[in-house]
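Asks:
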Amino acid sequence: MGKPKIGIYGLTGCAGDQLNILNCEDELLKIFDIFEVKSFVMASRAKDESVPLDVAFVEGSVSTEKDLEELKKVREKSRILVAIGHCAVFGGVQSMYMGCEAWMERYKKVYGKEDAVTISPPLEPRPLSAYVKVDAVLPGCPIEKEPFLKMAGLLAQGVIPKNPDYPVCAECKWKENECLLLKGEMCLGPITNSGCGAICPSHNIGCIGCWGPIEEENFAAGIALLESKGYTLDAVIKRFSIFGGTERGEKLAKYIESVKGGCNG
Amino acid sequence: MDRKINVEPIARVEGHGGITVTIENNEVKEVRFDILEGPRLFEQLVIGKTPEESVSISSRICAICFLSHRLAEIRAQERALDIKIGKKLQLLRKLAHFGEMIESHSLHYYLLALPDYLGYPDAISMVKKFPQEVTGALELKKYGNKVMEIVAGRRVHGENLTVGGIGRIPTDEELDWIKKRAKELIIEIERGLAVWEKLDIPDYMEEEMTFASVWPEDGSYDFRADTIKISDGTELPGDEYKTLTNERVVPHSFAKRCRYKGRPYSVGAQARMLIMQDRLDGEALKWFKKYYNERWHKNPHYNNVAQAIELLFCLEHIPEIVDEIKKTPWEDAVEGRDSGKGTGIVEAPRGLLIHHTEVEDGRVKYADYVIPTTQNLDAAELYMRNAVENLIKQGAEDLELPLEMIVRAYDPCISCSVHLVKVIRK
Ligand code: SF4
Ligand code: SF4
Chain L
0 MGKPKIGIYG
10 LTGCAGDQLN
20 ILNCEDELLK
30 IFDIFEVKSF
40 VMASRAKDES
50 VPLDVAFVEG
60 SVSTEKDLEE
70 LKKVREKSRI
80 LVAIGHCAVF
90 GGVQSMYMGC
100 EAWMERYKKV
110 YGKEDAVTIS
120 PPLEPRPLSA
130 YVKVDAVLPG
140 CPIEKEPFLK
150 MAGLLAQGVI
160 PKNPDYPVCA
170 ECKWKENECL
180 LLKGEMCLGP
190 ITNSGCGAIC
200 PSHNIGCIGC
210 WGPIEEENFA
220 AGIALLESKG
230 YTLDAVIKRF
240 SIFGGTERGE
250 KLAKYIESVK
260 GGCNG
Chain B
0 MDRKINVEPI
10 ARVEGHGGIT
20 VTIENNEVKE
30 VRFDILEGPR
40 LFEQLVIGKT
50 PEESVSISSR
60 ICAICFLSHR
70 LAEIRAQERA
80 LDIKIGKKLQ
90 LLRKLAHFGE
100 MIESHSLHYY
110 LLALPDYLGY
120 PDAISMVKKF
130 PQEVTGALEL
140 KKYGNKVMEI
150 VAGRRVHGEN
160 LTVGGIGRIP
170 TDEELDWIKK
180 RAKELIIEIE
190 RGLAVWEKLD
200 IPDYMEEEMT
210 FASVWPEDGS
220 YDFRADTIKI
230 SDGTELPGDE
240 YKTLTNERVV
250 PHSFAKRCRY
260 KGRPYSVGAQ
270 ARMLIMQDRL
280 DGEALKWFKK
290 YYNERWHKNP
300 HYNNVAQAIE
310 LLFCLEHIPE
320 IVDEIKKTPW
330 EDAVEGRDSG
340 KGTGIVEAPR
350 GLLIHHTEVE
360 DGRVKYADYV
370 IPTTQNLDAA
380 ELYMRNAVEN
390 LIKQGAEDLE
400 LPLEMIVRAY
410 DPCISCSVHL
420 VKVIRK
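Chain order of the listed sequences is L and B. Start counting the first sequence at 0; every next residue gets the next number (numbering that gives the first Met the number 0). Start counting the second sequence at 0; every next residue gets the next number (numbering that gives the first Met the number 0).
1) Identify the contact partners of B:Gln43 in chain L, using a Cβ-Cβ distance below 8 Å as the criterion.
2) According to the Cβ coordinates, are B:Ser230 and B:Thr244 closer than 8 Å?
3) Between which two residues does the alpha helix (DSSP H) containing B:Arg74 stretch?
4) Which residues mark the beginning and the end of the beta strand (DSSP E) in which B:Thr209 is found?
5) Where does the unbroken alpha helix (DSSP H) through B:Lys326 begin, and where does it stop?
6) Determine the closest residue to B:Gln76 out of B:Ala62, B:Lys86, B:Glu51, with distance taken between C-alpha atoms.
7) Give every residue of the same chain whose Cβ lies closer than 7 Å to the Cβ of B:Arg92, excluding the five residues on either side of it in the sequence, and list them in chain order.
8) So if DSSP puts B:Lys83 in a beta bridge, which residue, or which two residues, is it bridged to?
9) Measure the CB-CB distance between B:Pro348 and B:Ser105 and report whether it falls below 8 Å.
10) Hey, is B:Val363's beta-carbon within less than 8 Å of any beta-carbon in chain L?
11) Unbroken alpha helix (DSSP H) runs of length 4 or more, entirely within the stretch 228–260 of chain B: which are they?
12) Any heavy atom of ligand 3 closer than 7 Å to the CB of L:Ala197?
13) Hey, out of B:Lys178, B:Ser67, B:Leu137, whose CA is closest to B:Glu323's CA?
14) Going by alpha carbons, who is nearest to L:Trp210 out of L:Val167, L:Glu24, L:Ser38?
15) Find the residues of chain L that neighbour B:Lys141, judging by a C-beta separation of less than 9 Å, and give them in chain order.
16) Cβ of L:Leu221 versus every heavy atom of ligand 2: is any distance shorter than 7 Å?
17) What would DSSP say about B:Leu91, mapped onto helix, strand or coil?
18) Using a Cβ-Cβ cutoff of less than 6 Å, which residues in the same chain neighbour L:Cys86 once the five nearest sequence positions on both sides are dropped?
19) Can you tell me whether L:Thr231 is helix, strand or coil according to DSSP?
20) Under 8 Å, Cβ to Cβ, is there at least one residue of chain C near B:Val150?
21) Taking buried to mean at least 16 other C-beta atoms within 10 Å of its own C-beta, is B:Tyr119 buried or exposed?
22) With a floor of 3 residues, list each beta strand (DSSP E) that falls wholly inside the stretch 92–160 of chain L, ordered by position along the chain.
23) Taking only beta-carbon atoms, is B:Ser55 less than 8 Å away from chain L?
24) For B:Asn375, name the three-state secondary structure that DSSP assigns.
25) Could you check where the beta strand (DSSP E) with L:Glu35 kicks off and where it finishes?
26) Mind pulling the alpha helix (DSSP H) runs of 4 or more residues that sit fully within the stretch 87–148 of chain B?
27) Let me make sure I understand the geometry here. Which of B:Gly157, B:Glu26, B:Pro371 has the alpha-carbon closest to that of B:Lys255?
28) Let me confirm a value: L:Val136 is counted as buried when at least 16 other C-beta atoms fall within 10 Å, else exposed. Which label applies?
29) Got a sec, what are the start and stop residues for the alpha helix (DSSP H) L:Glu249 sits in?
30) Note down the Cα distance separating B:Phe129 from L:Phe31, rounded to an integer number of angstroms.
31) For L:Gly90, which three-state DSSP category applies?
32) Given a cut-off of 8 Å on the beta-carbon distance, is the pair L:Cys186 and L:Pro200 in contact?
33) Do you know offhand how far L:Lys4's Cα is from L:Glu35's?
34) Looking at the structure shown, is B:His156 part of a helix, part of a strand, or coil, going by DSSP?
35) Can you tell me the Cβ-Cβ gap for B:Lys86 and B:Val333, rounded? I've got them flagged as a contact below 8 Å.
36) Take the Cβ of L:Cys99 as the centre, count every other Cβ of all protein chains shown within 10 Å, and call the residue buried at 16 or more, exposed below.
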């Protein structure tokens, strides 16, 4: 068996996840040694899109017809497709819940009209899983180097890794930080995927949720908790929406409908 | 002969761009730098959010210059809300900013740009022939990242620097390490700078250019100011940035375009160095004098070497910044008001970056961001057109690499140029 063939692709995002792969300075040469890197346009002019891949890492949300086309092509030729980064896994900040106004309305405000830019029709930003089967996810905005290397190691051995399913709070407790919520600060640790090592609370800064919503989040309880600390419902909803992606967005819309009877524009 | 050249996606730039050139009867009909990256509508995402949230959101515009976005937004918010910060925090921001320049410039100069001049598809393939330069590049990059990790909280999208404050102040040990390592790495960048001497710099695109950058009020070569300077001598207060930028929409790009007095202009390390050259010092000044010539004013390739010289400048100045941070006592910021307008101007590694904000009762009401790559797009198209016209005359076969090299010289962060947009106020 030869080296596993991989490709690293970017759809619409900030390229932070690809950058953090390039940021594996000490391990970069090794990565290029263990894997046969067939496509990584952010790093190399040489690429070969004609061969099937063992693993494709895809960053970014699907935000144009072109993104979608590329994603489908990559999916077709790859045995394992890994969504890397918040944009790919949840939709990214560009997919956050913004109240009543439809996405196309916001788009038109910016570009004047629907077809002012003709290069590739825009789509409302969505995560990869809205369109194709995703075999594994690596959340984070952006992903961190250590979980990426761990995952790459497992994939090299043919194992499809699973992510931890506990929240940032657990990591924060291991670090023996003083809880920011108890100090009255807005922290989304309880409803956010772990993986970052509770970086922000360890810097005395409330988590804004950039690893995305944990699977079985109890956000109604989260909202109630923050309201009891004196934050308004509106402020809490806004904070929850930033890294909530499309899925939490839908839940938030329903929740607001149920308590307010409207969509909280 | 009719010919259509399509380069897409352009490799070794961050984000999705393409070049389309149409040639009919040996005449250039069209040269377009297409931006294919999808729109993210950042200026709307921050509406209704708190100043703090708007800092976290807008820093996601770009990974490589997230810190510049963060500092521009923080500055915009602090001006809008009349928040006054102390000297120690100023210096910490400056240190983090220097870290970002080092990281970004080492990535671009060595890993993204040099392979073209030396004839390689990427930096990894350069290892055999240039082992010291490539490992040196990775060391420099790692160092820049480490500085950001220590001061800004993470390598990418760190949350430690906030409006009016900082979550955690770096320890003396961390600061001492930053200082010591800066001195050790000077030799690495000088080795990298030496490579430039042997390169042939193409001239088939040359044309006189207008440049713009920040103009620090304290007379230093720095990356933050409230004044913009243009190479025609004009000085603009930050909030009059629109006099320079004049953004407009074009059909082949989700990124808007900028022109000054109807003409393209350039921003970036080359622009900064031309405008602030009298403020350079130390070894950086010596290297500038060694490599400077008249062609700097009309050839974007010099942006690459300007980045390398700037990287050296940053390493040379970090020790004194660290010393000052250590001896300056902490002062809390003085809170201002909860409504107002403000413009934050910084230099991102790729050039002038502007964040404008309007806040009402602690919530953002309006935002406008002007990104370096947006400002460079028209200039890049102009140079590409010149290149195609001249190369056809010379009968050149390969037009793709020369065009890609022009685009890469600008070190475009395409993802960040897309969002760019004006919000119509309700
Ligand atoms: S997840 Fe975050 S870091 Fe990754 S592309 Fe999206 S905005 Fe950038
Ligand atoms: S603590 Fe929260 S906001 Fe900070 S990096 Fe981790 S997940 Fe992201």
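Here a beta-carbon is modelled for each residue, glycine too, at the ideal position from N, C-alpha and C. It should be emphasised that the depicted structure is a prediction, and the values quoted were computed from it without experimental measurement.
Replies: In short:
1) To locate residue 43 of chain B, count along the second sequence from 1; it is residue 44. Contacts between B:Gln43 and chain L, judged by CB atoms closer than 8 Å, involve Met97, Arg105, Lys108, Val109 in chain order.
2) By 1-based counting over the second sequence, the position of residue 230 of chain B is 231. By 1-based counting over the second sequence, the position of residue 244 of chain B is 245. Contact flag unset, no.
3) The residue you call residue 74 of chain B lines up with position 75 of the second sequence. Residues 65–79.
4) Locating residue 209 of chain B in the second sequence gives position 210, counting from the first residue. Its beta strand (DSSP E) spans residues 209–213.
5) Taking the first residue of the second sequence as position 1, residue 326 of chain B is located at position 327. Counting along the chain, the alpha helix (DSSP H) containing B:Lys326 begins and ends at 301–326.
6) Taking the second sequence and counting its residues from 1, one reaches residue 76 of chain B at position 77. For the residues B:Ala62, B:Lys86, B:Glu51, the minimum Cα distance to B:Gln76 belongs to B:Glu51.
7) Position 93 of the second sequence, counted from the start, is the residue given in the question as residue 92 of chain B. Leu70, Leu160.
8) Against the second sequence, residue 83 of chain B aligns to sequence position 84. Within the DSSP secondary-structure output, B:Lys83 pairs in a beta bridge with B:Val333.
9) The sequence position of residue 348 of chain B within the second sequence is 349, counting from 1. The sequence position of residue 105 of chain B within the second sequence is 106, counting from 1. Contact flag unset, no.
10) Looking up residue 363 of chain B in the second sequence gives position 364. Using a CB distance cut-off of 8 Å, B:Val363 does not count as an interface residue toward chain L.
11) Listed in chain order, the complete alpha helix (DSSP H) runs (minimum 4 residues) inside the stretch 228–260 of chain B are 241–244.
12) Ligand 3 is not part of the structure shown, which contains ligand 1 and ligand 2 as its ligands.
13) Locating residue 323 of chain B in the second sequence gives position 324, where the first residue counts as 1. Closest by C-alpha distance to B:Glu323, out of B:Lys178, B:Ser67, B:Leu137, is B:Lys178.
14) Position 211 of the first sequence, counted from the start, is the residue given in the question as residue 210 of chain L. Out of L:Val167, L:Glu24, L:Ser38, L:Val167 has the C-alpha closest to the C-alpha of L:Trp210.
15) Against the second sequence, residue 141 of chain B aligns to sequence position 142. Against B:Lys141, the close residues of chain L are Asn22, Glu24, Asp25, in the order they occur along the chain (beta-carbon pairs closer than 9 Å).
16) Translated into positions along the first sequence, residue 221 of chain L becomes position 222. The sequence shown places Gly at residue 221 of chain L, not Leu. L:Gly221 Cβ: outside cutoff for every heavy atom of ligand 2.
17) Locating residue 91 of chain B in the second sequence gives position 92, counting from the first residue. Look at B:Leu91 here: in three-state DSSP terms it is helix.
18) Against the first sequence, residue 86 of chain L aligns to sequence position 87. Cβ within range, chain order: Gly12, Gly59, Ser60.
19) Your numbering for residue 231 of chain L matches position 232 in the first sequence. Of the three classes helix, strand and coil, the one that applies to L:Thr231 here is coil, per DSSP.
20) No chain C is present in this structure, whose protein chains are L and B.
21) On the second sequence, position 120 is the one that residue 119 of chain B refers to. Answer is buried; the Cβ neighbour count reaches 16.
22) Contiguous beta strand (DSSP E) elements confined to the stretch 92–160 of chain L occur at 121–125, 135–137, taking only those with 3 or more residues.
23) Counting from one through the second sequence, the residue named residue 55 of chain B turns up at place 56. Taking CB atoms only, B:Ser55 has a neighbour in chain L less than 8 Å away.
24) Along the second sequence, read from residue 1 onward, the residue named residue 375 of chain B stands at position 376. Here B:Asn375 sits in helix by DSSP.
25) Counting from 1 along the first sequence, the entry for residue 35 of chain L is found at position 36. Where L:Glu35 is concerned, the enclosing beta strand (DSSP E) starts and stops at 35–38.
26) With a minimum length of 4 residues, the continuous alpha helix (DSSP H) runs that stay inside the stretch 87–148 of chain B are 113–117.
27) Taking the second sequence and counting its residues from 1, the one referred to as residue 255 of chain B is at position 256. Out of B:Gly157, B:Glu26, B:Pro371, B:Pro371 has the C-alpha closest to the C-alpha of B:Lys255.
28) Stepping through the first sequence from its first residue, residue 136 of chain L is reached at position 137. Buried.
29) For the purposes of this step, residue 249 of chain L is identified with residue 250 of the first sequence, where counting begins at 1. In the DSSP assignment, L:Glu249 falls within the unbroken alpha helix (DSSP H) covering 244–259.
30) On the second sequence, position 130 is the one that residue 129 of chain B refers to. On the first sequence, position 32 is the one that residue 31 of chain L refers to. Going by the C-alpha atoms only, they are around 17 Å apart.
31) Counted from its first residue, the first sequence places residue 90 of chain L at position 91. For L:Gly90, the three-state secondary structure derived from DSSP is coil.
32) For this step, residue 186 of chain L is matched to residue 187 along the first sequence. For this step, residue 200 of chain L is matched to residue 201 along the first sequence. When the beta-carbon positions are compared, L:Cys186 and L:Pro200 come within less than 8 Å of each other.
33) Here residue 4 of chain L corresponds to residue number 5 of the first sequence, with the count starting at 1. Here residue 35 of chain L corresponds to residue number 36 of the first sequence, with the count starting at 1. If you take the alpha carbons of L:Lys4 and L:Glu35, they lie about 5 Å apart.
34) Your numbering for residue 156 of chain B matches position 157 in the second sequence. In the structure shown, B:His156 sits in coil (DSSP, three-state: anything other than H, G, I, E or B).
35) Counting from one through the second sequence, the residue named residue 86 of chain B turns up at place 87. Counting from one through the second sequence, the residue named residue 333 of chain B turns up at place 334. With a Cβ gap of about 13 Å, B:Lys86 and B:Val333 do not count as contacting.
36) Reading the first sequence from its first residue, position 100 is the one you call residue 99 of chain L. By the 10 Å Cβ count, L:Cys99 comes out exposed.
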